[in-house]
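For reference, the structure discussed in these notes is given below.
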Amino acid sequence: MGRIIFYEDRNFQGRSYECSSDCADVHLQLSRCNSCRVDSGLFVLYEKPNFTGLQVLVRPGEYPDSQRLMGLSAADCIQSCRMIPHRGQFLMRIYERENFGGRMQELREDCQSLQERYSMSDCQSCIVMSGHWLLFEQPGFRGRMVYLRPGEYRSLRDASTGRFSSVQRITERSSGWRAGSGCCTRDPTTGGSSTCWARGSIRTTSTGWASATPSGPVD
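Using full-length UniProt numbering, the letters of the sequence shown map in sequence onto residues 1 to 219.
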């Protein structure tokens, strides 16, 4: 089980609220939120209540300034969160074409290059049966990312302007993440300009991660 602690003020000061599950409105527990600490697990933080607005994926680490973390000028910019389960089985089916057309491959582990392993030049739709995953536009888990949770995704075109070339499971040991690092984007469907950071540093880049919305549940 994951655990994140939110604090009213920067540098882990003021009243705190400990959370181990999804929280649709942090303001029901705190009057404001200006820093947080992830003790375990993976979480998506949202700028607005009810899991809306700018999103940030964070893993264990300390985040003393929510403005810097979210890349926003306004304070009190963490208002809801989702915990990402990372234990258990991973299973997804990827398809070359939209609406589950074309060639299909079933994945249970990371794939650094869809072209090299499966001779697939793109992934335009998928079904995530279990686990939480990231799709990357470039091989080797590089470039713009799309976050996928269990569900059916009939078209991934709205989430990327390019092709998807690699796939990675979201776990605490994922090679693409380091403690105290993450990526965020203002646009939940297209990615756009985003901010990526590592512990002790911050930089701006045109690549990042987006969140695709399932078109249907998994039976």
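All C-beta atoms in this analysis are idealised placements derived from N, C-alpha and C, irrespective of residue type, glycine included.
These numbers come from a predicted model, not from an experiment.
Point to revise | Supposed contact pair residue 77 and residue 70 - C-beta distance, whole angstroms, cut 8 angstroms | key: At roughly 5 angstroms, the Cβ-Cβ gap stays under 8 angstroms, so residue 70 and residue 77 are in contact.
Practice item. Starting from residue 3, trace the alpha helix (DSSP H) both ways and give me its first and last residue. Key: Looking at the DSSP string, residue 3 is not in any alpha helix (DSSP H); the run it does join, the beta strand (DSSP E), is 3-9.
Review point. Which residues does DSSP pair with residue 19 in a beta bridge?
Key: Paired residue(s): 4.
Practice item. Assign residue 32 to one of three DSSP states: helix, strand, or coil. Key: Here residue 32 carries a coil assignment [DSSP, helix/strand/coil].
**Study point:** Close beta carbons around residue 81, own chain, < 6 angstroms, minus the five adjacent residues each side
**Key:** Contacts found: 23, 43, 45.
Review point. Thinking just about the alpha-carbon of each residue, which of 113, 117, 170 is nearest to the one in residue 150?
Key: Taking only the C-alpha atoms, the option nearest residue 150 is 170.
Practice item. Take the Cβ of residue 6 as the centre, count every other Cβ of all protein chains shown within 10 Å, and call the residue buried at 16 or more, exposed below. Key: That one is buried.
Practice item. Return the first residue and the last residue of the alpha helix (DSSP H) that residue 116 is part of. Key: Per DSSP, residue 116 belongs to the alpha helix (DSSP H) from 114-118.
Point to revise | Limits of the alpha helix (DSSP H) - the one that residue 67 falls within | key: Where residue 67 is concerned, the enclosing alpha helix (DSSP H) stretches over 66-70.
Point to revise | Length of the line joining the Cα atoms of residue 126 and residue 27 | key: Spanning the alpha carbons of residue 126 and residue 27 requires a straight line of approximately 35 angstroms.
Review point. For the beta strand (DSSP E) that residue 107 lies in, which residues bound it at each end?
Key: Residues 101-107.
Check your understanding: Taking the C-alpha atoms as reference points, what is the distance between residue 40 and residue 54?
Key -> Taking the straight line joining both Cα atoms gives about 22 angstroms.
Review point. Are the segment 97-108 and the segment 58-75 touching by the rule of at least three beta carbon pairs closer than 8 angstroms?
Key: Counting Cβ pairs under 8 angstroms, fewer than three are found: no touch.
Practice item. Report, in whole angstroms, the separation of the C-beta atoms of residue 156 and residue 115, which I expect to be a contact under 8 angstroms. Key: Not quite, the Cβ-Cβ distance comes to about 17 angstroms (not below 8 angstroms), so this is no contact.
Practice item. Mind checking who residue 126 pairs with in its DSSP beta bridge? Key: As computed with DSSP, residue 126 is found in a beta bridge with 94, 153.
Practice item. Look at the alpha carbon of residue 166 and the alpha carbon of residue 152, and state the distance between them as a whole number of angstroms. Key: Cα to Cα, residue 166 sits roughly 19 angstroms from residue 152.
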